[in-house]
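Protein chains in written order, with the working numbering: chain X, 1 to 455; chain D, 1001 to 1455.
Step one of this worksheet: look at the structure below.
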């Protein structure tokens, strides 16, 4: 464990718990005030350790959670780090599956902290910042440090993506550090060599002006509960491949080395089934796990709702239905283009008698892959070998941090994504947690990589 | 209007409103107490006008709403009427669409009473009983009258169906009167010459042990939100016909006369669209409206639910999904057999990696059609011509009163279904209502048909 963590444990946990208590659900307008309060709290926390900080707003995004920007000058002629994290969290639903309150953190068995955001990303970025704070308090040699903490990552980083270009001068940096990803199994360190992009939208089908009796109207009224199933099921072929015409055009295939390294850092089918209670049989038939998860795009349904959902039966033909759809994208796919293709596909498949509305469209971000022989990767590899004898693996993650591409472009920095998430953390799910071991490991990583960059 | 209605309006509305205040949602165990209270209230009401009444329970159905049986001796050697109705109501959801409280009846503009059950079936059966009460108070010549009021019609009449045979002696009758159906448009009286049967079930798909991140697991974890759409969309062919093998085998085709009469009592496409805000383009392509609604079976999705349903997005792969499915059946189809076929079809179409559970199976009842030249139909026709110059139409309804077949078999009675529902009543939907005009008309019908049978 980080020695600093041991000596300051009480203070660190107190701050961490305070941070977790903000129900900063960035996607939900009703929680805007909580997001602002959370950003204000972080601003004060950073100011106390010598940062100048400001909340960045944008006229176009009034009503969006603010972006917190902070900076601190380092030693003369030292390089500049840009650190990115997000203080927004996923909605906690389904609430009934939580064993403790999602926004009242609980440390169980002196091992793990349970709360929404305990890992993603409050836990990860805050443990990194605690490592940085330790360095500052030790009076170590430091680079210039810039910090961006946003409140919309879970819903597409719309504002930060839009304003990134205008912040270009402010956020110019040599290295972009992000701590929002996972380590390999058994907490073996991992350097993220690629991320998928993401885009999402909500579709709604409307038919009759109100719910109808399924006997009196069955055979007459079009049924959106059935229609939403029919339109959604046109998105894939029987073999699990994507049926939207043109969706996979132009995808950059991975190199043999990338496939080999990705296979090495992928869990086995058995281990996956043991951890998640299901065989990893999703996606396109005939491809390996890492190919399906890292190098191929997906279209997923994140929610589908229509009609009665209570006990027993209610023989109704609902008047409307909706589905929440998201896509994961890989290099070679333009988010704007694939969203257009999906919209066109849906419009071509509207069930008879129903009206389709496409809403909450977020074109998100493209996927990317990084050159695995770059200097910053070699430095990270060296440090992670110091921290863990096993050394790091390279991982191409199926997940997305939409804004990373935009920040790379605007800051000119080389991205370095190292995080210590584990499957058991259950991010985006009930009973999310983060262990003190992960917390302390992240602090250690922060201390070492920041110092190494300062040299 | 019935003269008795005018003279006793205040008392009738008071009783009617009391009846509507019971939230007797028969399908919901949490409302069992309300159902029992409602049945007790009806028992007392009938006892006050000379009936012997009892609540029928069944060991197999402990915890089900009771069946109320009541009887009253008529004049010597007179025939026996069995009157059937149901005091249970549909759940009131979605609550936010009600303009007034569903269980606090409101009379608007001195014209219509708004409440769940104001029509279906509390309003219809209670106005019939008020007509009968008027006859009793007038000292008119009366037949023997038996009354069955049950509390599970909206969820399949399981208990009454099961005990009907054992009540056979008790409920033996010449005519089975039911007031739970609709009149033709503009309140033109209608005799129901056929009803569809109904059966329903709930299907559930399970995959991972918890909700998963759609980026980290997309391409690996099977997705039940997508799977439920896929399995449900296998139930129909592209032309809207049912794709379940054998489902339509053996269906009795209607005669030319039945088709002609049914077409006469069916609204036009334009009128339908004007009333319900949607073209009547559901069901199988190439068939007329009345064929699709009355003479062909359906499979409908009454509800489909999985994953996130709030604002914005939550990029999750849900761990489970469910759909509520109901079927309307026509003569020639055995409910048990088609339910087996649907179950088999679903089992053959389980999406990869998911576990299917079929639950809340209710085999309901078969559909039936009655001979339109029967003596009781001729009597009804004569009376309805007295009440309304236009005379009655014959209707084959798409809806079901599941228990009617069982009661016909057990009582040996000839069924006569005449009701005065109208589309604007919005049964099963928010803001259900019933007009005082309908109430009074039903009273008049009750007075005349009961008297005619007594002669």
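C-beta: ideal position from N, C-alpha, C; glycine also.
Being a predicted model, the structure only gives us computed values, none of them experimental.
Query, Result
"On the CB-based measure, 16 or more other CB atoms within 10 Å of its CB, does residue 304/X come out buried or exposed?", "buried"
"Tell me whether residue 1169/D counts as near the ligand SAM, meaning its Cβ is closer than 7 angstroms to at least one heavy atom of that ligand.", "Of the ligands one can find in the structure shown there are none, so the ligand SAM has no counterpart to examine."
"Where residue 346/X and residue 337/X are concerned, what is the direct C-alpha to C-alpha distance, given to the nearest angstrom?", "14 angstroms"
"By Cβ distance below 6 angstroms, which residues in the same chain neighbour residue 1001/D in space, the five residues on each side in sequence not counted?", "With a pLDDT of only 48 at residue 1001/D, under the threshold of 50, the placement of this residue in the model should not be trusted, and no figure is reported."
"Return the chain-ordered ranges of every beta strand (DSSP E) run that is complete within the segment 1069 to 1123 of chain D and spans a minimum of 3 residues.", "1080 to 1086, 1106 to 1108 and 1112 to 1114"
"In three-state DSSP terms, what is residue 443/X?", "helix"
"Mapping the DSSP letters down to three states, classify residue 1266/D as helix, strand or coil.", "coil"
"Let me know the beta strand (DSSP E) ranges lying completely inside the segment 3 to 74 of chain X, each 3 residues or longer, listed in chain order.", "52 to 56 and 67 to 72"
"My understanding is that residue 1375/D touches residue 1190/D, with C-beta atoms under 8 angstroms, so please give their C-beta distance in whole angstroms.", "Contact flag wrong, Cβ pair sits at about 19 angstroms."
"For residue 1224/D, report the span of its alpha helix (DSSP H) as first-last.", "1224 to 1232"
"Under a Cβ-count criterion, where at least 16 other Cβ atoms within 10 Å of its own Cβ denotes burial, should residue 384/X be classed as buried or exposed?", "buried"
"Does the distance from the CB of residue 211/X to the CB of residue 1217/D come in under 8 angstroms?", "no"
"Taking its Cβ as the centre, do 16 or more other Cβ atoms sit within 10 Å of residue 238/X, making it buried, or is it exposed?", "exposed"
"In whole angstroms, what is the alpha-carbon distance linking residue 321/X and residue 19/X?", "37 angstroms"
"Using the three-state DSSP reduction, which class does residue 1206/D fall into: helix, strand or coil?", "strand"
"Are the CB atoms of residue 302/X and residue 1315/D nearer to each other than 8 angstroms?", "yes"
"Given this structure, state the Cα-to-Cα distance separating residue 1153/D from residue 399/X, to the nearest angstrom.", "49 angstroms"
"Say whether chain X places a C-beta atom closer than 8 angstroms to the C-beta of residue 1232/D.", "yes"
"Taking just the CA atoms, how far does residue 272/X sit from residue 240/X?", "19 angstroms"
"Between the segment 1096 to 1118 of chain D and chain X, which residues of the former have a C-beta closer than 9 angstroms to a C-beta of the latter?", "1097"
"Which residues mark the beginning and the end of the alpha helix (DSSP H) in which residue 189/X is found?", "No alpha helix (DSSP H) holds residue 189/X; DSSP gives it neither H nor E."
"Any C-beta of chain X within less than 8 angstroms: which residues of the segment 1206 to 1229 of chain D qualify?", "1207, 1208, 1209, 1210, 1211, 1212, 1213, 1214, 1215, 1216, 1217, 1218, 1219, 1220, 1221, 1222, 1223, 1225, 1226, 1228 and 1229"
"Looking at C-beta atoms only, is the number of pairs between the segment 1173 to 1188 of chain D and the segment 1418 to 1428 of chain D that lie closer than 8 angstroms three or more?", "yes"
"Since residue 1400/D meets chain X, which of its residues come closer than 9 angstroms, beta carbon to beta carbon?", "215 and 315"
"Would you say the segment 350 to 360 of chain X touches the segment 218 to 238 of chain X, given that touching needs at least three Cβ pairs under 8 angstroms?", "yes"
"Return the bridge partner residues of residue 1362/D from the DSSP annotation.", "1200/D"
"DSSP three-state label for residue 1001/D, please.", "For residue 1001/D, the predicted model reports a pLDDT of 48, less than 50, meaning its position is unreliable; a value from the coordinates is still stated below. Coil, per DSSP."
"Looking only at its own chain, which residues have a Cβ that is under 8 angstroms from the Cβ of residue 30/X, when we skip the five neighbours before and after it?", "none"
"Determine the extent of the beta strand (DSSP E) in which residue 306/X is found, giving its start and end residues.", "298 to 307"
"By the criterion of Cβ-Cβ separation under 7 angstroms, what are the contact partners of residue 1277/D in chain X?", "208 and 209"
"Taking the beta carbon of residue 1366/D as the centre, do at least 16 other beta carbons fall within 10 Å, making it buried, or is it exposed?", "buried"
"Taking the alpha carbon of residue 411/X as the point to measure from, which residue in 207/X, 160/X, 251/X and 44/X has its own alpha carbon closest?", "160/X"
"Quick check: residue 174/X and residue 446/X, are their CB atoms within less than 8 angstroms of each other?", "no"
"Since I believe residue 1069/D is in contact with residue 1194/D (beta carbons under 8 angstroms), could you give me their beta-carbon distance rounded to a whole number of angstroms?", "The pair is not a contact, with the Cβ atoms about 27 angstroms apart (cut-off 8 angstroms)."
"Could you tell me which residues DSSP puts in a beta bridge with residue 327/X?", "199/X and 299/X"
"What is the DSSP secondary structure of residue 144/X, counted as helix, strand or coil?", "strand"
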